[in-house]
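See below for the structure under consideration.
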Amino acid sequence: MTLRDEFLAIDLAVIEGLVADRRQEDLHLEFKLLRNAPKVTREDRKNLAVSVSGFANSDGGIVIWGLDARPDDDGVDAACALMPIRKPAVVCSRFQELTGQCVSPVVDGVEHRVEKSVTGTGSDEDSGYIVTLVPRSESGPHMAKLGEDRYFKRSGSGFYKMEHFDLEDMFGRRPKPRLSLTTRVVKAGGRSGGGGPTVHRYDIILGLANAGHAVARFPYLKVSVVDGKHRLKPQDYGGERDGLPRRESVRGLGLPTVFAGGVGDVIHPGNEIHIARIEGSFVDGSVPDTMEAHAWFGADRIAMSATPVHMAGPDIFSALDN
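Residue 25 is where the sequence shown starts when you use our numbering, and the numbers rise one by one after that.
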């Protein structure tokens, strides 16, 4: 689950559960109070600036506004009480306005949303909580403004002022590509012979998408199909230059095939290339076999990730039916 998935999954039940479980703050989770809502005080503005700066300069994170957090037996701040915010929509709107002012340079992708409350001490018909998402930034470091004028980072369960060596490292940090494996099921035709049942063919297209802020150079994909019922084939390479050239193929079940790009093979930010296809088939009236493979991928001659590729037969059938 991505950080944004976690952000979207937070509802009133989750928030109440954090208090019931005495959930500790951690590298990606922070709890804050808003004592004078709907007024946004100087302290609130500073807390927003520090949170956006600290999470953006680190690995990203989520702030839940409207929870009291106190040190637990381990000495770590943990959610201990629901403190719903009065008129949260008004406060959320103010946060939206402040987001572009609270750090420099601006962090892309910061989101705020309201979760209404019907329970909790001091709640009424117009009270609730605000959930803020701060993604990791590739364009930092980001200075907290609104009276702070300092750089922060997230470490453990707290925000800390960045040291000189931290800033040297971040100012020298170059934007990086961020690759992910993509899969897509497509129909590849069908055939029947001698009046028998139709055999339906399908392809599972494997590709790489670049969600980072830099060009991915020398991309590669290594795939091994382990179920013995599907065949791996390269996408067409050349012409429109979709795909990557096949560099290595070892015969045998579960052994990998390597597709690796040269100096002219790049994936630009926001783009995707299709590299290989896994061929499968099933007889009319039946459900496709489950497909299982392993994939490793990366760029710039550095491994980025390894992931299983698993598609259940019903999922394949559903994709073909749509």
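We put the CB at the ideal spot given by N, CA and C, even for glycine.
In the three-state scheme derived from DSSP, where H, G and I count as helix and E and B as strand, residue 338 is classed as helix. By the Cβ test, the stretch 307-319 is not in contact with the stretch 283-297, since fewer than three Cβ pairs between them sit closer than 8 Å. When rounded, the separation of the alpha-carbon atoms in residue 201 and residue 245 is 15 Å. For residue 95, the enclosing beta strand (DSSP E) covers residues 91-95. A Cβ-Cβ separation of about 24 Å leaves residue 247 out of contact with residue 293 under the 8 Å criterion.
Between residue 58 and residue 90 the beta-carbon gap is near 7 Å, inside 8 Å, which marks them as a contact. DSSP places residue 136 within a strand segment (E or B) once states are collapsed to three. When the alpha-carbon of residue 72 is set against those of 63, 60 and 87, the nearest one is in 87.
A distance below 8 Å between beta-carbons, with the five flanking residues on each side excluded, links residue 128 to the following residues of its chain, in chain order: 166, 167 and 169.
Between the alpha carbons of residue 256 and residue 304 lies a distance of about 9 Å. Contact between residue 322 and residue 203 holds, with the beta-carbon distance rounding to 7 Å and staying under 8 Å. As for any beta strand (DSSP E) of minimum length 3 sitting wholly inside the stretch 158-224, the runs are 174-179, 182-185 and 203-215, ordered along the chain. By the Cβ-count criterion, residue 307 is exposed, with fewer than 16 other Cβ atoms from all chains shown falling within 10 Å of its own Cβ. Following the DSSP letters along the chain, one finds residue 67 inside the alpha helix (DSSP H) bounded by residues 66-80.
By alpha-carbon distance to residue 102, the top candidate from 151, 299, 50 and 199 is 50.
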